[in-house]
Amino acid sequence: MLGAFIYRLELKIHGIVQGVGFRPYIYKLAHKYKLFGHIYNDGNGVTIEIEGDEKNISNFKEELKNSTPVLSRIDLMQTKELELKNSTEFLILKSNQTSISTMLSADITMCDDCKAEMYDKNNRRYNYPFINCTNCGPRYTIIKNLPYDRDETSMSLFEMCSECRQEYENPNNRRYHAQPISCFRCGPKLRFVSIDGDKEIDEEKAIQKICLLIKSGQSVGIKGLGGFHIVCDASNEKAVSELRLNKNRPTKPLAVMFKDIDAIKKVCSLTQKDEELVLSKERPIVIVTKSSYIGLADSIAPNIDKIGVFLPYTPLHEILLQELNIPLVATSANLSDEPIIRDEKELFVKMPNVIKNVLTHDREIVNACDDSVVLNSSTHILMLRMARGYAPQSFYLKKKISKNILALGANQKSTITIAFDNNIVISPHIGDLNSIEAFEYFKTTLDTLKRVYKFEPDVIVCDKHPRYETTIWAKEYVKEHKNIELLEVQHHFSHALACMAEYSLDEDVLAFCFDGTGYGDDGKLWGGEVFVVSAQKYKRVYHFLELSLLGGEKAIKEPKRVGLSLLFEIFSLHEILSMECEFLKAFTKQEIKIFHHIYIKGTNTPKTSSLGRIFDGVYALSGDGVNLGYEGESGLILETQSKDSSSEEIYSYTLENGVIDYKEMINQIVIDADKTDIAKKFISTITNIIVDIAKEYPTLPVVLSGGVFQNATLVSQVTQALKEMDREYYIQSKTPINDGGISLGQAYFAIKKDG
Ligand code: ZN
Ligand code: ZN
Ligand code: FE
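Just so you know, we're using numbering that gives the first Met the number 0 here: the sequence shown kicks off at 0 and counts up by one.
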């Protein structure tokens, strides 16, 4: 008898396929095409067996290729024909976990279905602040271990009620195996707590209480997904400046959470791309351009035309913003240089002057996680902080590696990268490792990665800087673990490699690595480096003329010191003392003489080729040399000022013997009167320098990496120019372009060394 050809197929799928609704999706797909067999989670991802008509199997595979659950990602699918087993149904089998290499998902913003239910008066989760489903909700922040099961999360303490259990067990339900599933009856509870012990456990009253305090101009703490936010009314100047004063954060911009996209558009001009980023499922903080200063406190982002905006990403935020109907400052609760705080007791101990009241709940945050920050430069998306929504970020390597690699990153904007089998995993942003707390957080993050992925390193990679906490730790660690290999990679080489890793580049490249400072091979501070990178090596073909950091670290906070040292490079003390220059009013004659003495003697005055510091110096020379509140502020201010200039000119420089000599530029800046022109001409000059050097190496693709490329104007200009030259170029957009990307670059070095 002639009939359809029946066969059985096994599909092994690697990628992000657990905890993202993959099994019920396949279950429904199998039913749709009348296929029998089973699916289960295993250490590599999922294994599917399907049996049925050839045509149906082909349709099944076609649909699987073209539409998968939103949060899933298929890295690899291996298929194999099997003997017929004559199955008569399709089953979801218990997981078979032997090894772990399935990827952990980041936390995801509330989905539209959940939002609709939350606003539906007849739904049993009406106004429920912890509503979630397979397509949304917490992941990384509640996970203790893989496989991702409720028992291995901080939801294990909440026993499901019968209604939730039914949803959880029904493959046709959106909440099938949604591990954080809960409802008013069985889930976490909100409560209001104040520093003097005042409590409110009635959820509605707790929300009302916190809203009243915000409206009265107070700063309060609100427990989010990965830690606490400090929140206040963003339209209330007094509230915002008090928050700044109490938190000792003079100028660093504060992020603002708005009720919806229309509320953002009232005060910002969004490009199409900005809007997409704001509304994306990752819901990062997006740096956009302010269009109106009405309705927002001036001190939210002083001296710059940009502001970080985002939308509610948890049901709790959604409820609060609806209730309040005002924009909220929402900044991570932490002391400077310390990690985000996860529980209210610590908050009250550490910040009693800032926070006296909190809205909290009893679902533990297992892994802290900050908000992500992104910027669209008109040509490229730049990842400034990779955390909630994006991280842990994983990449699939086509070639399996033989060693387990642990890369420790830099000292600032720290992240950790691990690589094993076919995987690279980058941790969320950890932060600056200058405090004991921050280093503890670094170790906790490392422990989480080791535990979740059952990972032990064969190779550890660190920076060459002998005083980075991570370098010290690595050297101690390999002393105790003699079988572990230690690799040290130069900081700016790592920047280049990070970009190469993101694009899987293997060929030789010309890399512009421009940043603050990093430890150079000659023991000096580098930061304005041009490398030809080939295979495991790099050659430093250009660097900016070195300048002196008068007083070392102090010069980073006080850019006027950098401005002055730039003048010392060109003029004699006598010439400077008789100069008529606005900038010099920041010093007394006596101070100039003392600084000159320090400069000549070289005491505590390291040399650096850092472009970041040159930005500081130019900022100082163009203005009144006010102190900076945060790293990168000078770049942002110059960028803002440059927009008011129509100058098409650039400054002079020379490229000789591997040195980018900008002395003539300083000479011209001192004469230039208009600070907007100075800013514009300076940024254009940097663009020209890049283009000129690129022309010297016409066959090499260009790589742009390092913190200086967080400057949107510079990135737009440079990439535009390279496009016009028809030049191949690469700039990171999925991974941090600043020091947050260093660990990825380090790991890539070890991967390539592995073969
Ligand atoms: Zn949902
Ligand atoms: Zn329930
Ligand atoms: Fe760097």
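We put the beta carbon where it would ideally sit given N, CA and C, even for glycine.
Local conformation of residue 798 per DSSP, three classes: Outside the modelled stretch of the chain, which goes from 0 to 754, sits residue 798, for which no answer is possible.
Return the chain-ordered ranges of every alpha helix (DSSP H) run that is complete within the stretch 587–662 and spans a minimum of 4 residues. 588–600, 610–621 and 632–641
Check each candidate in 375, 311, 326 and 520 and name the one with the smallest Cα separation from residue 387. 311
Please list, following the chain, all residues that have a C-beta closer than 5 Å to any non-hydrogen atom of ligand 1. 110, 113, 132, 134 and 135
For residue 3, count neighbouring Cβ atoms within 10 angstroms of its own Cβ and tell me buried if that reaches 16, exposed if not. Label assigned to residue 3: exposed.
Apart from the five residues just before and just after residue 294, which ones in its own chain have a Cβ nearer than 8 Å to its Cβ? 234, 265, 266 and 326
Is the beta carbon of residue 346 less than 8 Å from the beta carbon of residue 209? no
Taking the alpha-carbon positions, what's the residue 0 to residue 53 distance? Low confidence applies to residue 0: its pLDDT is 40, below 50, so where it sits in the model is not reliable enough to give any reading.
In this structure, does DSSP put residue 4 in helix, strand or coil? coil
Could you pull out every residue in the same chain whose Cβ sits closer than 7 Å to the Cβ of residue 10, ignoring the five residues on either side in sequence? Within the same chain, residue 10 has close Cβ partners 47, 76 and 78.
Going by the beta-carbon positions, is the gap between residue 220 and residue 229 smaller than 8 Å? yes
Taking residue 713 and residue 686 to be in contact with their CB atoms under 8 Å, please state how far apart those CB atoms are, rounded to whole angstroms. 7 Å
Where does residue 244 land, buried or exposed, given buried means 16+ other C-beta within 10 angstroms? exposed
Could you tell me the distance, in whole angstroms, from the CA atom of residue 461 to the CA atom of residue 412? In this structure, the CA atom of residue 461 is about 15 Å from the CA atom of residue 412.
Where residue 749 and residue 404 are concerned, what is the direct C-alpha to C-alpha distance, given to the nearest angstrom? 7 Å
Neighbourhood of residue 433 by C-beta distance below 7 Å, restricted to the same chain and skipping five residues each side: Excluding sequence neighbours, residue 433 sits near 336.
If you check the beta carbons only, do residue 34 and residue 55 fall under 8 Å apart? At the C-beta level, residue 34 and residue 55 come within 8 Å of one another.
If we call anything under 8 Å between Cβ atoms a contact, is residue 526 one with residue 633? No.
Measuring from the CB of residue 514, is there a heavy atom of ligand 3 at a distance below 7 Å? yes
Proximity to residue 572 [Cα-Cα], best of 218, 596 and 328: 596
From 673, 677, 672 and 652, pick the residue whose C-alpha is nearest to that of residue 663; which is it? 652
When DSSP labels each residue in this structure, what does residue 65 get in the three-state scheme? helix
Heavy atom of ligand 2 within 7 Å of residue 158 beta-carbon: no
Could you check whether the stretch 372–392 touches the stretch 152–169, counting it as contact only if at least three pairs of C-beta atoms, one from each stretch, sit closer than 8 Å? no
If you measure between the beta carbons of residue 193 and residue 352, is that distance less than 8 Å? No, they are not a contact pair.
Going residue by residue through the stretch 415–491, where are the continuous alpha helix (DSSP H) segments of at least 4 residues, counting only ones entirely within it? 435–451 and 468–479
Does the distance from the CB of residue 300 to the CB of residue 341 come in under 8 Å? no
From 407, 710, 130 and 701, residue whose alpha carbon lies closest to that of residue 440: 407
Between the CA atoms of residue 178 and residue 605 - distance to the nearest angstrom: 54 Å
Closest Cα partner of residue 649 within the set 667, 399 and 684: 684
Comparing alpha-carbon positions, which option in 692, 130, 719 and 600 lies nearest residue 362? Looking at the Cα atoms, 130 is the closest of the given residues.
Outcome for residue 95 when other beta-carbon atoms lying within 10 angstroms are tallied against a minimum of 16: exposed
Kindly indicate the opening and closing residues of the alpha helix (DSSP H) around residue 686. Segment 674–695, the alpha helix (DSSP H) holding residue 686.
Where are the alpha helix (DSSP H) runs, 4 residues long or more, that stay fully inside the stretch 507–559, in chain order? 553–556
Whole-number beta carbon distance between residue 494 and residue 514, since they are thought to touch under 8 Å: 7 Å
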